[in-house]
Structure formats: structure tokens, C-alpha cells
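Residue numbers (mature numbering (1 follows the signal peptide of the UniProt record, and there is no 0)): -22 to -1, 1 to 776.
Structure (C-alpha cells):
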């Protein structure tokens, strides 16, 4: 009820703001006629609706981060983007980036599920979260769209889209830039581009970057070693035909993201409850340091009846990542007699090879992914009062993946090959009822066809007797590295059999299963909206739209597939420029209703295997408001504030887990399922959605000091996020407390601004925020954000 009241108040405020804007516009016109005034807030041009428009005239919920701001803030990969966009949470994990917008997202980087947030690079949908790094260089801007997507382009998504848009070749121009920085942790970052003319109607643009730094954790992990190259060629072949070709390559090396121990959550039969015991190992150590390994050897190794081995040879290989990404795409634009026709064919490939830093038991990942896509659009010329766009999208992806994880007493091996074919048609119609009032309708029909073949094998060491006062099988062997799995399977009897392990009182069991499945999902989604110009610089809009994400698969007994999820979004907004273009005030209210939500989590399947699988958990309601204000207080002083309030709750969230020797480890109520005594029903209804802080506040200030014709610029930014859950089980340790995170920079540019030097510091508070918590076999570990970093930067343009 309160949100409806607020939305009504927003509309009333819009009318008042519109009157103020109209008065300001009248005064500004008079002032401009008397003396031209160039001062004011700058304009940002976006193409999220496939037309170039000022972001203040785009009647959609969108945040934009410009290329210069990305360099200034040291954002070289998507994991840092959430610091600039309050609605966005990014969890950078060993396998890839997990994106959440206003609590909508998923925990999966696996190749057998699709993300809830569409990631589009240079107009091309990128399917795998593992493939989203290596793209943040020489960018024009990044657009973050909030809410369901799909009636205008690309792959459909339930939560939103992130559009990463490279700087394009500039026809007939010789230009370029280079920027180099150095900081603590021996951090070196270099980025640059050169734009070469090919006559007056063509250009070649070559750009690249190198980003390296030592590990943020003492065990050497959470380092970075990225190298990337992009080549583009653009030509205006005729006055109506333009062609752009682009190819890119990136390599990610080093150790990759590491995890740190938080403690153990182990069931105590005497107390009949789980007991969390925090570790004394600092977050800054990682899980491979000597101190961390000493702690690890005190933790029980599950069914083997002894303690865990250190994360070291021969049980675990060294952590590493060796990922390679390739892409080729083209864009053909033809201004025909009926409108602008655009064709975007694309191919992207990824080769992933990693030993990941978690979850407590480092997995080994290998993937080979190929995707082909073709998008065709026609933005028709206006017919009477109507603007219109139609298009089609075809997408084919094939993946081959191998995952294995050594849990000391359990060795799990997965080999699978998902194939996806997705086809869609979409269109949008805008009716200009008056010169101020517009009504918009959009529709999309998507047909998804997916097949999946996979095998999981598991070796389990189990103890058969109890030794009082000590681990029950203190001399039982533990599995060697994952690479030895194939040789260890050979002497084992058929699946379900058991093999004694000498006189240790332990046996080894071989458990496994195969899955071959397919699904076909078809869905129509749509958008209806109204736009009204309250004044020349005041826009009111309201929309109703639906979203859909196809079902998928899991390698888990009894949980081998899951159904599509759906979302309905109501949005009302107001965008204003006031006070002679010196004040920007944007307001947005939203209500999202989410049903059949897909959530991936670790757990026990119906055969007792410890695996990751996705379930449809029920419904959630997400509602809130966001205010974005920017002010040019003086010609040299700028302030900004972006505040989001989010109330996100699961109205229906329950799932089943098999009974065993201990109840489920969860912060939610649970009980024996009345319909199946072999299962618990866990009920998390009423709890906050994952990654959905109630308050997110971004504040910033920039002060320019003129020194002759040169200038010094002082800038500072800070972000506050209230507490929120970053793990599936809702354990108390998975609730991250509220925190502030602040950056600052000072720069100098000489007359003409051809070069700049700067000094910067990120995370002034030096707070390692827990971004994602893993719970597996009693071990609780976490990924954390970067510590305080600082350094200097030099840039030159020509």
C-alpha cells in the first residue's frame, strides 16, 4: 500500500517539477538569447532503444557509466561495476561473474543454466558468466537496464541487461589515447587505442589492454593477469550503407579469485542443532596459506571419519586459470526507403581451464563453448502518428564441459554437453497521440529448444566402525587429486558396489548416474507504456512489462530439470533537468512480481550425492524507489546522489532435501514432508531475497580548481549498502553487515588537456567485504572484495 501511495506522490511531484522546468526553460531561453551560456550538466547519449537519444529522454529505467568514468574508477572488469550502479550487485567468483539487479539473478556460472541478467557485448548476447571478463577496455559506455528485457533486441531476460559498448572507429580521423597506471600489489594497468583513417569514409581502430596485479590474498590468489585485443574496421560504402567488422581476443591467466575461511557449521547430535565455530584465520589469508591449512586439518572429512587434508599436493593441484575468449561480429546498417535495416551476425567462443578457489574444496573446471547468433532489425520510418520497429533473433550454442571436485572423502566428476537453440521475433509500436503524449506497445515471442546429456560419477569413502574419542577412521585414506579419478574408478565394482580399503575400517563406494533430457519452452512476453512530456526537460513515464527465462537442467538425481521462471514489472518514473540545466532529478518507483524463480544451490540430491542443482522455489515480491540527483552547484563544483530503497521478500519459497544422519543446515524452518517421510521441507518464505540490500546510497563530489589554463580536479565517491544475504542457506554468517566503500582521486591536466596525471585510492576504509558465501560439507568459505588499493595514473590523447 505504501508503494502505491509513493507512486501517486511521484506523479504529483512530476506535475510540480514540470511546471518548474517549464518556468526554468522560459527563463533560460531569454537568458540564452541575451548571452549564450555553455555551463550546465553534460548530456549522455544512449542507444538502449536502438535510437540515439539523450538518456534523460529515454523512458526506461537505465543507468549509464561512461568510458572515462570507468578508467577513472579503475573498473577493468564487471565485478567492480556494482560500485557505480546501486541497483546492481556483482559477485566475482572463481568461475565467473554473478549478476543481480534488485534481487533478481542466480548463483550459477554452470554451462547448463542461463543467467537472469543478459550480458550484451558490442550488441551481441554473451551466454556464459565465465565469458564476461576481458571486455572492459576502450569503451564508450556501459548501460545497465533494470527490469525484463526482450521486446527490442537480443536474448530475453527476467532481471535486466548489461550492455557493454566499445568505442567505435571514427571515420576519416587519426586519433588515439593511452593510459598507464601503477599501484600497490605491484598493479600494472595499460590501455590504449589508435584510430587510423581509411580515406574520408572509413577507419580502422585497434585497441587493447593489459591488467596485472599480485594476489590480494596471502596465498597468492585473487590476482589478475588479463590481456585483451580488439580490432574494428568501419566503412561508409555508400551514403545509405555502413558496414563495421569487429574481432576480439582476451586471455585471463594467473591464479584467479581465491576464497577465505569463515568457519565451520557442523551438526552437534548432543545439542540437536548446528553449531557455527568461527575461524581465527584472517580473511586476507585465503584457503591455501600455511595458517589456513593448519586450520583445515582440524575439520572433519565427512563420511571418511577423519579430518581434512591440507589444500596442497598430492590432494589438490595449484590454483590457476587459463581462459581464452574469441569473438567476431559485424554490423550492417542500411537506410532503405522504409526505414533503417540492421543486421548483426556474430560468433563467440570460449575455452575455460581452471582450478577454482572454492568452495572449501577447489573444483577443476574445463569448458569449450561455441555460440552463433544472428539479429535482424528494421526501424521503420514514421507512418502518420506511428513509429515502429520489428526484428528477429536466432541463437545457437553448444558446450562441452567437465567439472570435478575433490571433497577428500567424496570425489565427484561431471561430464556434460548442453545444446541450446533459441529463436524469437519481436516488435514495438509507438503512437504519438499529441506532441507530448505517446503510447508504446511491444511484444516478443520466444521459442527455446534445449538438449542435455551428462554423466556424474562419485567415489565415496565411508567408515564402517567407530573409534571412541577420535575420528572414527583416523587412518582411512583420502582421495588424491581430481586428475587421478579415472584410475581410481577402474578397480571399483559396478555402481552401488563397495570395496574394502585394507584394515582401516573404511570402504569405497562408486555412485553415479546418467542423464539425457530435452525441453521445449515457448513464451510471449510484452510491454505496454505511456510517456508524457510535462515540459521540454521533464519526462513522465509508466510501464507494464513481462519477462521469461527458459528452464534448464542439473546433474542431480530427482532434480535433473527445472521449469521456466516469469516476472511481471510495474514501473513509474520521472526525469527532470531543472535550474537552467544545472540540476538533474530522476525518480523511479517499481513493483516486480517474480514466480517460479530458479535458484541454483549446493545440496544433497535424492541419491545422497553432494551436488549443485537448480530448483524452482516459488514466488517473490520486489518493490522500491530510486532517486538520482546531480547538481552543478557552481561552474567548478558538481555533486551527485543516487539512493535506492528496496523491499524484496520471498512470498513463497520452499524446497525439499532428503533425510539423512543430520537435518539440513539452514537458517529457515524445516519439517518432515508429510507426503514423503524421506524428505525434509525447508520453508524460507518471508525472508529477504538474495543480494537485495534494503538501502543503497551512492554519493559523489567533484571540484575543479583552475590554474591558469590548466586544472586540478578533486573527486570523491562513496557507497553505502545495508546488510543483505549472500549465500543460499540463510545461515547467520551469510548475512553481510552494512558497509561503506569510498574512493578518491586528484588529477592535473595542462592547458589543452592533452595529457593527465592522477593519484587515486580505492576502498579507503580497507574493508574486505564478503561478496559470496559457500557452504559445503560443514566448511563455510567466502569470496571477498579487493582491499585498499592506491597508485598513480598517466594518460595522453591525440
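Using N, Cα and C, we set each Cβ at its ideal position, and we do this for glycine too. Since we're looking at a predicted model, the values are computed, not measured.
Residue i - containing beta strand (DSSP E), residue span
{"i": "residue 140", "result": "138 to 144"}
{"i": "residue 677", "result": "673 to 685"}
{"i": "residue 369", "result": "364 to 384"}
{"i": "residue 323", "result": "317 to 333"}
{"i": "residue 555", "result": "543 to 556"}
{"i": "residue 516", "result": "516 to 527"}
{"i": "residue 580", "result": "576 to 582"}
{"i": "residue 770", "result": "767 to 775"}
{"i": "residue 781", "result": "Examination of residue 781 is not possible in this model, given that the chain is present from -22 through 776 alone."}
{"i": "residue 667", "result": "Taken as a continuous stretch (DSSP letters only), residue 667 belongs to no beta strand (DSSP E), as it is neither H nor E."}
{"i": "residue 782", "result": "The chain is shown from -22 up to 776; residue 782 falls before or after that span and cannot be answered."}
{"i": "residue 118", "result": "117 to 124"}
{"i": "residue 302", "result": "301 to 313"}
{"i": "residue 28", "result": "Per DSSP, residue 28 belongs to no beta strand (DSSP E) and is neither H nor E."}
{"i": "residue 96", "result": "95 to 99"}
{"i": "residue 740", "result": "733 to 740"}
{"i": "residue 296", "result": "From DSSP, residue 296 is part of no beta strand (DSSP E); its letter is neither H nor E."}
{"i": "residue 66", "result": "66 to 70"}
{"i": "residue 75", "result": "75 to 79"}
{"i": "residue 649", "result": "648 to 651"}
{"i": "residue 63", "result": "Note, residue 63: premise wrong, no beta strand (DSSP E); not H, not E."}
{"i": "residue 103", "result": "102 to 104"}
Beta-bridge partners of residue i, as assigned by DSSP
{"i": "residue 411", "result": "The partner list for residue 411 (beta bridge, DSSP) is empty, contrary to what the question assumes."}
{"i": "residue 714", "result": "702"}
{"i": "residue 662", "result": "According to DSSP, which records beta bridges pairwise, residue 662 is partnered with nothing at all."}
{"i": "residue 502", "result": "423"}
{"i": "residue 593", "result": "577"}
{"i": "residue 432", "result": "394 and 493"}
{"i": "residue 406", "result": "367 and 420"}
{"i": "residue 241", "result": "256 and 758"}
{"i": "residue 611", "result": "Its beta-bridge partners do not exist; DSSP assigns none."}
{"i": "residue 563", "result": "554 and 607"}
{"i": "residue 721", "result": "695 and 740"}
{"i": "residue 539", "result": "531"}
{"i": "residue 572", "result": "545 and 598"}
Given residue i as reference, the closest of the options once Cα atoms are compared
{"i": "residue 74", "options": "328, 221, 525 and 662", "result": "328"}
{"i": "residue 333", "options": "307, 384 and 310", "result": "384"}
{"i": "residue 674", "options": "656, 700 and 692", "result": "700"}
{"i": "residue 246", "options": "278, 137 and 312", "result": "278"}
{"i": "residue 365", "options": "372, 776, 373 and 356", "result": "356"}
{"i": "residue 658", "options": "641, 425 and 664", "result": "641"}
{"i": "residue 857", "options": "192, 737 and 558", "result": "Here the chain comprises residues numbered -22 to 776, so residue 857 is not present and cannot be evaluated."}
{"i": "residue 197", "options": "420, 679, 610 and 268", "result": "268"}
{"i": "residue 118", "options": "43, 320, 544 and 296", "result": "43"}
{"i": "residue 695", "options": "596, 708, 546 and 62", "result": "62"}
{"i": "residue 504", "options": "18, 404, 554 and 566", "result": "404"}
{"i": "residue 176", "options": "164, 143, 210 and 203", "result": "210"}
{"i": "residue 26", "options": "589, 97 and 763", "result": "97"}
{"i": "residue 72", "options": "638, 230, 710 and 596", "result": "230"}
{"i": "residue 120", "options": "753, 140, 105 and 678", "result": "140"}
{"i": "residue 323", "options": "617, 178, 222 and 585", "result": "222"}
{"i": "residue 409", "options": "507, 208, 390 and 78", "result": "507"}
{"i": "residue 419", "options": "425, 407 and 372", "result": "407"}
8 Å contact criterion, which residue i and residue j should meet: CB distance rounded
{"i": "residue 225", "j": "residue 306", "result": "5 Å"}
{"i": "residue 759", "j": "residue 238", "result": "6 Å"}
{"i": "residue 702", "j": "residue 671", "result": "4 Å"}
{"i": "residue 309", "j": "residue 130", "result": "Going by Cβ atoms, the distance from residue 309 to residue 130 rounds to 16 Å, so no, they are not a contact pair."}
{"i": "residue 552", "j": "residue 518", "result": "5 Å"}
{"i": "residue 303", "j": "residue 132", "result": "Incorrect: roughly 19 Å between the Cβ atoms, too far for contact."}
{"i": "residue 70", "j": "residue 525", "result": "Actually they do not touch by this definition, with Cβ atoms about 25 Å apart."}
{"i": "residue 741", "j": "residue 764", "result": "6 Å"}
{"i": "residue 160", "j": "residue 200", "result": "Their Cβ separation, rounded to whole angstroms, is 19 Å, which puts residue 160 and residue 200 out of contact at 8 Å."}
Endpoints, alpha helix (DSSP H) assigned at residue i
{"i": "residue 271", "result": "268 to 274"}
{"i": "residue 45", "result": "45 to 50"}
is_contact[residue i, chain C] using C-beta, thresh 9 Å
{"i": "residue 91", "result": "As a matter of chain content, chain C is missing from the structure shown, which is built from one protein chain."}
At what residue ranges does the stretch 157 to 237 contain a whole run of the beta strand (DSSP E), taking only runs of 3 or more? 165 to 175, 180 to 191, 202 to 216 and 219 to 230
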